[in-house]
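Visitor:
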Amino acid sequence: MTSVGDRAESWRRLAMSVLLCLLYVFLYAPILFVIYASFSEDIVWPFPPSFTTDAYAELFDNSLYSDALNNSLIIGLGSGVLSTLLATAGVIGVLRFPSRRRALILITFLAPLFVAELLIGISSLAFNARLLGLPGNLFSAIAANAVEGTAFAFLIVLAQLVRYDWQMDDAAMVFGASPARCFWEVTLPTIWPSLFGAFLISFILAFNNLEISFYNLGAIPTLPSVAWGSLRFGLGPELFALAALTNGLVFAVFALMYVLMRTGIVKFGYRGV
1 MTSVGDRAES WRRLAMSVLL CLLYVFLYAP ILFVIYASFS EDIVWPFPPS
51 FTTDAYAELF DNSLYSDALN NSLIIGLGSG VLSTLLATAG VIGVLRFPSR
101 RRALILITFL APLFVAELLI GISSLAFNAR LLGLPGNLFS AIAANAVEGT
151 AFAFLIVLAQ LVRYDWQMDD AAMVFGASPA RCFWEVTLPT IWPSLFGAFL
201 ISFILAFNNL EISFYNLGAI PTLPSVAWGS LRFGLGPELF ALAALTNGLV
251 FAVFALMYVL MRTGIVKFGY RGV
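Each residue of the sequence shown is one higher than the last, beginning at 1 in UniProt numbering.
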């Protein structure tokens, strides 16, 4: 016979399963609705539903969205590369050459995590325009987005390099390797998964950002700014298609990361002997 403890364990597992299902519904139901609405002729849940691809055709025929997509990709790629480079250099400097001011350096790198994106955008605009004399363009938007991206990338790279054995680098340099060769042939092959993850996160943050990019671009359109401006005329079908494609891009990136980790191509963490 089933004991009281077994029945209690069964009820506990059932309750946890129900809570988990409700959490998934809360997180993904809006995204699934957006995907459904992008293919539906009527978003008021008709029965039987009627599907069409007119929203995607209208989206791709609009030159404003194509220009905005190109600008968002440029900002995302540029900010991702810059954030990864700065974060990697910062982490290596903090861990490889420790000092009494390590805590201050860590706070400096992580401070943008606690600052609103709106404030980052406004302060970047004031700094670029008044001190550097730079007009609002893609380069200033890339630099501004890299402020936030570097903080996230720093955490991702730090999570792996904190367990890295720096004696491998010392051994390579003892046998004649220069610092640059040591990095390319010893350090980078071990830590590249974290750099790849840092780039992806920084890219997604900059690609989808509105506040920081808006204040540093002027009239140059990006996908978030075009979508935000289009809301003045209501929720058009092309906005549902745009949201579905953007969410699809994000899910594709995470699906790629999952496949790479499951197949062992990417392994986060220390892999030394």
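Just so it is clear, CB atoms sit at the ideal spot from N, CA and C, and this is done for glycine as well.
(1) Can you tell me which of the three DSSP states S40 falls into?
(2) Hey, quick one: how far does the alpha helix (DSSP H) through residue 289 stretch, first residue to last?
(3) Hey, out of F154, A241, Y164, A171, whose CA is closest to A57's CA?
(4) Starting from the Cα of L158, find the closest Cα among Y36, V94, V226, L205 and give me that residue.
(5) Thinking C-alpha only, which one of F214, T52, R13, R101 is nearest N137?
(6) Can you check DSSP and say which residues form a bridge with F51?
(7) Which runs of the alpha helix (DSSP H) spanning at least 4 residues fall entirely within the segment 205 to 254, listed in chain order?
(8) Does T150 pass the burial test, meaning 16 or more other C-beta atoms within 10 Å, or should it be called exposed?
(9) Give the straight-line distance between the Cα atoms of L23 and S17, rounded to the nearest whole angstrom.
(10) Residue range of the alpha helix (DSSP H) that N145 falls in?
(11) Please state whether DSSP places T263 in a helix, a strand or coil.
(12) Of the residues I212, A103, L106, which one's Cα is nearest the Cα of E117?
(13) From R12 to F26, what distance separates their C-alpha atoms?
(14) If we count the other Cβ atoms within 10 Å of its Cβ and call it buried at 16 or more, is C21 buried or exposed?
(15) R7 to L19, Cα distance in whole Å?
(16) Closest to L217 by C-alpha separation, out of D54, Y258, A68, would be which residue?
(17) Since I92 and I156 should fall inside the 8 Å C-beta cutoff, what is the C-beta to C-beta distance between them, to a whole number of angstroms?
(18) Roughly how many whole angstroms lie between the Cα atoms of S194 and M261?
(19) Enumerate in chain order the residues of its own chain whose CB-to-CB distance from S66 is below 8 Å, with the five nearest sequence positions on each side excluded.
(20) Quick check: the Cα distance between S38 and N247, rounded to an integer number of angstroms?
(21) Distance check for I74 and Y258, CA to CA, integer angstroms please.
(22) On the three-state DSSP scale, how would you describe R102?
(23) From L125 to L132, what does the alpha carbon distance come to, in whole angstroms?
Guide: Looking at the atomic coordinates:
(1) The count along the sequence shown starts at 1 and reaches residue 40 at position 40. Residue state, collapsed to three classes: strand.
(2) Outside the displayed span of the chain (1 to 273) sits residue 289, for which this structure offers no information.
(3) Position 57 of the sequence shown, counted from the first residue, corresponds to residue 57. The shortest Cα separation from A57 among F154, A241, Y164, A171 belongs to A241.
(4) Position 158 of the sequence shown, counted from the start, is the residue given in the question as residue 158. Minimum Cα distance to L158 is reached at V94.
(5) Your numbering for residue 137 matches position 137 in the sequence shown. Selected option, being the one with the closest Cα: F214.
(6) Position 51 of the sequence shown holds residue 51. Partner(s): S40.
(7) 211 to 217, 223 to 230
(8) As a working mapping, residue 150 is identified with position 150 in the sequence shown. Burial call: buried.
(9) Translated into the one-based positions of the sequence shown, residue 23 becomes position 23. Translated into the one-based positions of the sequence shown, residue 17 becomes position 17. Each residue's Cα considered, the two are about 10 Å apart.
(10) For the purposes of this step, residue 145 is taken as residue 145 along the sequence shown, with counting starting at 1. Start and end: 138 to 161.
(11) Position 263 of the sequence shown, counting from 1, holds the residue named residue 263. Three-state result, T263: coil.
(12) Locating residue 117 in the sequence shown gives position 117, where the first residue counts as 1. Out of I212, A103, L106, I212 has the C-alpha closest to the C-alpha of E117.
(13) The residue given as residue 12 occupies position 12 in the sequence shown. The residue given as residue 26 occupies position 26 in the sequence shown. Going by the C-alpha atoms only, they are around 21 Å apart.
(14) Residue numbering aside, residue 21 sits at position 21 when the sequence shown is read from its first letter. Under this definition C21 is an exposed residue.
(15) Indexing the sequence shown from 1 puts residue 7 at position 7. Indexing the sequence shown from 1 puts residue 19 at position 19. For R7 and L19, the distance between alpha carbons rounds to 18 Å.
(16) Taking the sequence shown and counting its residues from 1, the one referred to as residue 217 is at position 217. Closest option to L217, Cα to Cα, is A68.
(17) In the sequence shown, counting from the first residue as 1, residue 92 sits at position 92. In the sequence shown, counting from the first residue as 1, residue 156 sits at position 156. The pair is not a contact, with the Cβ atoms about 14 Å apart (cut-off 8 Å).
(18) Stepping through the sequence shown from its first residue, residue 194 is reached at position 194. Stepping through the sequence shown from its first residue, residue 261 is reached at position 261. In a straight line, the C-alpha of S194 is about 12 Å away from that of M261.
(19) Counting from one through the sequence shown, the residue named residue 66 turns up at place 66. These residues qualify, in order along the chain: F60.
(20) In the sequence shown, residue 38 corresponds to position 38, counting from 1. In the sequence shown, residue 247 corresponds to position 247, counting from 1. Roughly 12 Å between the two C-alpha positions.
(21) Residue mapping note: residue 258 aligns to position 258 of the sequence shown, counting from 1. Residue mapping note: residue 74 aligns to position 74 of the sequence shown, counting from 1. Straight-line Cα distance between these residues: approximately 25 Å.
(22) In the sequence shown, counting from the first residue as 1, residue 102 sits at position 102. Three-state result, R102: helix.
(23) To locate residue 125, count along the sequence shown from 1; it is residue 125. To locate residue 132, count along the sequence shown from 1; it is residue 132. Using only the alpha carbons, I get a separation of about 10 Å.
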